[in-house]
Every structure is written in structure tokens, then in C-alpha cells.
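The numbers in the UniProt record's numbering rise by one with no breaks, and the one at position 200 of the sequence shown is 200. By construction, the Cβ of each residue, glycine as well, lies at the ideal position given by its N, Cα and C atoms. Working notes, beginning with the structure itself.
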Amino acid sequence: MRPLGKTNVARDQGELDCLSKVLSTQIPNLHKIHFGKGREYSEGLTDRDIATLLSSCRYGLKVVEITHNLEFHGASVAALAQHYPTLEALAIGDTKFESNELLLLLTSTPKLQTLISIDDGYYEQWPQTSIESRAFIDLEPVTNSPTPWACESTLKELRIRITGIPRPDLGRQQGVVEEVYAGQGREIQIQVYERLARFTNLESLWLGSNPSIQQFDSSPEREQRDCIEMSLENGLDKLGGLKELRVLSLAHMNTRIGLKEVQWMVENWPKLHVIRGLGDEGNESDDEDEEDEDETEYEKILDWLEEHCPEILVLDSDTDMVDNYLY
């Protein structure tokens with residue numbers, strides 16, 4: 001079947017109906033579908049159109065990819081949910097998934113291995129796709145412990161932007177969430193780490209933005225300030241069980257990673273090969289003396305890694321490193 005451009009399908013209801021019928025009756029073994037058009041801006045298919053096509057795939061899709069600002073919400077999300085039992089890989093960075101919809105996805109996909117919910121980066125879309133920290137933590141009301149998720153043992157690649165975390169260490173800056181009570185930020189961070197720790201087979205963890213998106217983002221506020229700080233002081237050690245972790249991306253996150261945190265990572269994540277986002281502008285202080293100190297700490301990290309772990313690749317936040325697509 002030839003690729004169907006969005007504009008042609010969307011403007012010809014007959015062609016859309018024909019494709020829907022073909023999907024439902026003549027391609028029973030279809031396991032992958034990609035809505036989008038290469039790396040060009042896409043427009044045309046409506047939310048209802050996408051829902052119709054997803055619902056026409058009646059035997060359970062394994063791979064679904066949504067690229068470049070398609071109208072994917074509401075009806076489309078509901079239609080996608082029909083495939084959660086069979087879904088293995090999903091890229092939805094260009095959609096407007098809400099936190100509750102991402103939560104339902106994570107709790108309902110027992111075969112999910114790859115979830116890419118960070119924007120692809122080729123076109124500015126603000127705000128970025130993200131999940132609110134309270135939704136991500138997802139505590140059981142009676143036990144106050146993390147609710148078991150269907151994909152905990154299967155997920156190998158997770159790209160997700162977690163927001164809404166108070167960071168009192170950053171003071172009153174744009175993008176900083178204030179604490180409701182003293183210690184709330186640390187409490188939420190520990191709970192986020194406890195949730196991440198349940199993905200015991202995780203090989204790739206992206207928590208920051210896609211590097212390419214900064215090329216088109218006109219906002220001066222590139223760094224995320226309502227994120228986990230990745231410090232041992234506030235719960236990083238909860239992730240000690242991620243023994244399969246190979247890639248860690250913290251691009252444009254305001255973290256507090258020092259030499260002791262990197263040494264801990266090397267000791268506890270024996271397969272670690274790539275770290276992206278250390279020492280970038282998001283981790284610098286506004287105070288000149290503190291900034292010099294931060295730079296010295298970053299230099300210590302680089303020197304130590306070069307001496308003890310030369311095989312580990314350290315990339316800055318704007319360096320792309322792997323393809324974002326499920327080809």
C-alpha cells in the first residue's frame with residue numbers, strides 16, 4: 001500500500017472510508033501504524049479521523065507512532081486504548097496527552113517496552129507533553145504505596161517529562177513550584193524515584209527535553225525547574241536497582257548532580273554508557289562564585305570519568321544522540 005498523505009486522506013472522506021474498510025477486512029495482521037508525514041509539518045487528519053483508523057485495526061496493534069502536531073486527543077486516545085493489551089511501542093511526543101491519560105496508558109499496557117512521550121523536537125510545541133508528578137507517583141489510597149503498573153517489568157525505554165515538583169533550593173525563579181509545606185519537595189522527589197525504581201528492566205531513561213526542540217524554541221526559559229534534582233540527598237539512591245540502565249538523558253533539567261552522584265551511578269548502574277545533560281546551563285547558579293564552583297565540580301566529574309570510566313560518553317543537552325522514531 002502506498003503511503004497516504006494526510007491532506008489527501010483528510011479532504012477525501014471516500015478515501016478515508018476506503019482505507020478504514022481495508023484496515024478492518026483485508027489487513028488482519030497489521031501490527032504497526034504511523035500517523036504523520038516524515039519530518040514535515042502535518043495537518044489535515046482530524047481527531048475523529050485518527051480514531052476511525054485506529055478502531056479499524058481490530059486485531060491489536062503493537063507499534064503506534066504519532067509525529068508532528070497531529071490532532072490526537074479525545075476520541076483518538078479512546079481508540080488507542082483498545083490496543084493497550086497488545087501495544088509494545090508508542091511514540092506520542094507530538095500529541096496533547098493529559099496526565100490522567102498517560103497514567104491510564106502506563107497502568108494498562110502489559111507488553112509495553114518503549115514509551116516516547118517527549119516531543120520530537122523538530123517543531124515548537126509549547127507546553128511540552130508531560131505528566132504531573134502526582135499522577136506519575138500514583139499511590140494506593142489505603143497503603144500509600146505505589147500502585148502496581150502493568151508495564152513495570154516489560155518497559156525498557158522510557159522518555160517522559162515529569163513536572164510539578166517543588167524545588168525550594170532554586171528560590172523564586174520563573175518555572176519554580178513553591179512548597180505547600182516544608183519538606184514537600186523532597187517528599188515528592190522520593191516518591192518519584194520510588195516509582196521509577198519499579199521499572200527494573202529499564203535500559204534507557206530520558207527525563208529532560210529532546211535536544212532538537214531547543215533549536216526552534218523561542219522561549220528564553222529552556223531549563224526545567226520543576227523536576228527531580230537527581231541528588232543522593234533527596235532520593236537518587238532509590239534507583240539502585242536499575243542494573244540494566246545504559247542511557248540517562250537529563251537535557252535542560254536543573255539538577256544538582258555532583259561527583260558523588262556520578263560515582264554512585266557508575267557503581268550502581270554497571271551498564272551505563274551515555275549521560276546527557278551534565279553541567280549545562282540548567283545547572284549553573286546565578287551567583288558568579290557559585291557558578292565557578294559548579295564549573296569546577298563539572299570538571300571534576302569529567303576528569304574522574306576520563307580516568308576511571310573512559311567508556312562512558314558525556315553529552316551536553318543540545319547534542320542529539322539517538323533516533324527518536326520507532327523504525
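Legend entry - Cα-Cα separation, D316 to S99: Taking the sequence shown and counting its residues from 1, the one referred to as residue 316 is at position 316. Taking the sequence shown and counting its residues from 1, the one referred to as residue 99 is at position 99. Going from the Cα of D316 to the Cα of S99 covers about 28 Å.
Legend entry - Bridge partners - Q189, DSSP secondary structure assignment: The residue you call residue 189 lines up with position 189 of the sequence shown. Paired residues: none, contrary to the question.
Inset, instruction - Could you tell me which of L313, D303 and G93 sits nearest to R276, measuring between CA atoms? - result: Locating residue 276 in the sequence shown gives position 276, counting from the first residue. Cα-wise, what sits closest to R276 is L313.
Legend entry - Residue span of the alpha helix (DSSP H) that contains V77, given as start and end: Numbered from 1 along the sequence shown, position 77 holds the residue referred to as residue 77. Start and end: A75 to L80.
Legend entry - I257 (DSSP reduced to helix, strand or coil): In the sequence shown, counting from the first residue as 1, residue 257 sits at position 257. I257 falls in the coil class under three-state DSSP.
Legend entry - CB contact flag (T154, P85, <9 Å): By 1-based counting over the sequence shown, the position of residue 154 is 154. By 1-based counting over the sequence shown, the position of residue 85 is 85. Using a Cβ distance threshold of 9 Å, T154 and P85 do not count as a contacting pair.
Legend entry - Beta-carbon gap between L105 and L158 smaller than 9 Å: For the purposes of this step, residue 105 is identified with residue 105 of the sequence shown, where counting begins at 1. For the purposes of this step, residue 158 is identified with residue 158 of the sequence shown, where counting begins at 1. Going by C-beta atoms, L105 is not nearer than 9 Å to L158.
Legend entry - D318 in three-state terms, based on DSSP: The count along the sequence shown starts at 1 and reaches residue 318 at position 318. In this structure, D318 counts as coil in the three-state DSSP scheme.
Legend entry - Span of the beta strand (DSSP E), counted from its first residue to its last, around F35: If you number the sequence shown from 1, residue 35 lands on position 35. For F35, the enclosing beta strand (DSSP E) has its first and last residue at K32 to F35.
Legend entry - Sequence ranges, beta strand (DSSP E) only - wholly within the region 127-172, length at least 3: Runs found: 157-159.
Inset, instruction - Report back the beta-carbon spacing between P146 and E194 to the nearest angstrom; my notes put them in contact at under 8 Å. - result: On the sequence shown, position 146 is the one that residue 146 refers to. On the sequence shown, position 194 is the one that residue 194 refers to. Contact flag correct, Cβ pair sits at about 6 Å.
Legend entry - Among C57, A51 and E132, the one whose alpha carbon lies nearest that of H73: For the purposes of this step, residue 73 is taken as the residue at position 73 of the sequence shown. The residue among C57, A51 and E132 with its C-alpha nearest the C-alpha of H73 is A51.
Inset, instruction - List the endpoints of the continuous alpha helix (DSSP H) containing S55. - result: Stepping through the sequence shown from its first residue, residue 55 is reached at position 55. Going by DSSP, S55 is part of the alpha helix (DSSP H) stretching over D47 to S56.
Inset, instruction - Within 10 angstroms of the Cβ of N29, are there 16 or more other Cβ atoms? Answer buried if so, exposed if not. - result: Sequence index remark: in the sequence shown, residue 29 carries index 29 (1-based). Flag for N29 reads exposed.
Legend entry - For T114, the first and last residue of its enclosing beta strand (DSSP E): Taking the first residue of the sequence shown as 1, we reach residue 114 at position 114. Start and end: T114 to I116.
Inset, instruction - Just the C-alpha distance for M1 and V64, rounded to the nearest angstrom, thanks. - result: In the sequence shown, counting from the first residue as 1, residue 1 sits at position 1. In the sequence shown, counting from the first residue as 1, residue 64 sits at position 64. Unreliable positioning characterises M1 in this predicted model, as indicated by a pLDDT of 45, which lies under 50. A coordinate reading is not provided.
Legend entry - Beta-carbon proximity check, D132 vs G164, cutoff 9 Å: The residue you call residue 132 lines up with position 132 of the sequence shown. The residue you call residue 164 lines up with position 164 of the sequence shown. First, the residue type needs correcting, since residue 132 is Glu and not Asp in the sequence shown. Yes, the pair counts as a contact, with Cβ atoms nearer than the cut-off.
Inset, instruction - Quick one: give me the first and last residue of the alpha helix (DSSP H) that E15 is part of. - result: In the sequence shown, the residue the question calls residue 15 occupies position 15. Segment Q13 to T25, the alpha helix (DSSP H) holding E15.
Legend entry - Neighbourhood of S209 by C-beta, 6 Å cutoff - its chain only, sequence neighbours within 5 removed: Numbered from its first residue, the sequence shown carries residue 209 at position 209. Here the set comprises A251 and H252.
Inset, instruction - Using 10 angstroms around the beta-carbon of A135, count the other beta-carbons present and answer buried if the total reaches 16, otherwise exposed. - result: The sequence position of residue 135 within the sequence shown is 135, counting from 1. So A135 counts as buried.
Inset, instruction - Using only alpha-carbon positions, find the residue among T95, P270 and A81 that is nearest to T46. - result: In the sequence shown, counting from the first residue as 1, residue 46 sits at position 46. Considering only alpha carbons, the answer is T95.
Inset, instruction - Over the uninterrupted beta strand (DSSP E) stretch that includes S204, give me the two end residues. - result: Start at 1 with the first residue of the sequence shown, and residue 204 comes out as number 204. Here the beta strand (DSSP E) through S204 covers S204 to W206.
Legend entry - Of the listed residues S249, D303 and Y298, nearest to G319 (C-alpha basis): For the purposes of this step, residue 319 is taken as the residue at position 319 of the sequence shown. The question names Gly, but residue 319 is Thr in the sequence shown. That would be S249, whose Cα lies nearest to the Cα of T319.
Inset, instruction - Measure the beta-carbon distance from G258 to Q189 and round it to whole angstroms, keeping in mind my assumption that it falls under 8 Å. - result: The residue labelled residue 258 in the question sits at position 258 within the sequence shown. The residue labelled residue 189 in the question sits at position 189 within the sequence shown. Contact doesn't hold; Cβ gap of about 16 Å is too wide.
Inset, instruction - Assign R161 to buried or exposed, taking buried as 16 or more other Cβ atoms, counted over all protein chains shown, within 10 Å of its Cβ. - result: On the sequence shown, residue 161 is found 161 positions in, with the first residue counted as 1. Classification of R161: buried, given that the 10 Å Cβ count is 16 or more.
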